[in-house]
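Going by our numbering, the sequence shown opens with residue 25, and the numbers climb by one from there. Idealized CB from N, CA, C, for every residue including glycine. Below is one structure, written out as structure tokens; comments come after it.
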Amino acid sequence: MVGITGLDTSVLFDEYGDKYDLWYERYYYTWLSELELVKRFKCYGRSLEVGVGSGRFGSYIGVAVGLDPALKLLKKVKDVEKVLGYGEYLPFRDNSFECTYIIFTMCFVRDSDVVVKEALRVSSRIVTCIVPRDSFLGQKYLKEAEEGHIFYSKARFYTVKEVIEIFLKYGATLNKILGTLTDYPENIKYLDKVYEITSLDETKKYGFICMEFIKS
Numbered sequence: 025m026v027g028i029t030g031l032d033t034s035v036l037f038d039e040y041g042d043k044y045d046l047w048y049e050r051y052y053y054t055w056l057s058e059l060e061l062v063k064r065f066k067c068y069g070r071s072l073e074v075g076v077g078s079g080r081f082g083s084y085i086g087v088a089v090g091l092d093p094a095l096k097l098l099k100k101v102k103d104v105e106k107v108l109g110y111g112e113y114l115p116f117r118d119n120s121f122e123c124t125y126i127i128f129t130m131c132f133v134r135d136s137d138v139v140v141k142e143a144l145r146v147s148s149r150i151v152t153c154i155v156p157r158d159s160f161l162g163q164k165y166l167k168e169a170e171e172g173h174i175f176y177s178k179a180r181f182y183t184v185k186e187v188i189e190i191f192l193k194y195g196a197t198l199n200k201i202l203g204t205l206t207d208y209p210e211n212i213k214y215l216d217k218v219y220e221i222t223s224l225d226e227t228k229k230y231g232f233i234c235m236e237f238i239k240s
């Protein structure tokens with residue numbers, strides 16, 4: 025994964041992956057709320073996670089294969105077949121999976137269009153999850169990025185509308201949008217609710233949004 029600065033973010037996550045991973049421990053109920061949302065997109069066939077990291081999602085939702093370019097994080101993944109690689113160059117045959125999950129990964133890749141095309145090539149359903157740039161949490165992270173945050177300063181945050189437009193451009197159909205996180209991570213002390221979203225205006229209310237797309 026290469027961020028907008030041109031830095032290969034696999035190097036970043038290899039060097040500071042433990043720090044990134046501690047975020048999930050520090051904001052435990054935020055992570056659980058995100059995980060609960062992702063679980064709503066159940067995949068009954070063979071599945072892939074692009075950008076599996078240390079397995080904070082893939083190991084808990086039953087993905088068969090997890091791909092990531094950061095070797096140190098990848099070594100931490102449990103109960104998932106691990107593949108070292110990039111989302112722009114998926115080393116799998118066409119239609120190898122029923123589902124592909126792309127969770128927090130879009131903001132760190134070099135070419136989101138290529139990642140989307142590759143995901144559509146290898147699977148029939150794609151679930152992608154983001155912190156929307158125009159949400160309260162996205163705005164917080166943008167401010168921290170401007171202040172030099174080690175991870176956010178290397179990220180390109182998207183709006184839900186922008187992500188949808190990328191998928192539609194390559195022939196996918198939007199099936200469902202769900203959201204959670206109605207407050208900042210430091211304020212979430214219990215499992216947050218999952219909300220079904222019916223309009224783009226609603227997406228700004230939530231700090232974590234997942235969209236499901238179906239290959240036409």
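Item, Value
"Distance CB(V146)-CB(T124) smaller than 8 Å", "yes"
"C-beta atoms of L198 and F237 nearer than 8 Å", "yes"
"Contact set for K228: own chain, Cβ-Cβ below 7 Å, skip 5 residues either direction", "P156, D158, S159"
"CB contact flag (G75, G111, <8 Å)", "yes"
"Rounded Cβ spacing between K102 and S83 (contact assumed at less than 8 Å)", "5 Å"
"Sequence-distant residues of its chain with Cβ nearer than 7 Å to S136 (five each side left out)", "M130, I190"
"Secondary structure, beta strand (DSSP E): runs of 3+ residues fully inside the region 83 to 123", "89 to 92, 105 to 108"
"Exposure label - P115; buried when at least 16 CB within 10 Å", "exposed"
"Boundaries of the beta strand (DSSP E) in which L224 is found, first to last residue", "First-last for L224: undefined, no H or E at that position."
"Straight-line gap, K106 to F81 (C-alpha atoms, nearest Å)", "14 Å"
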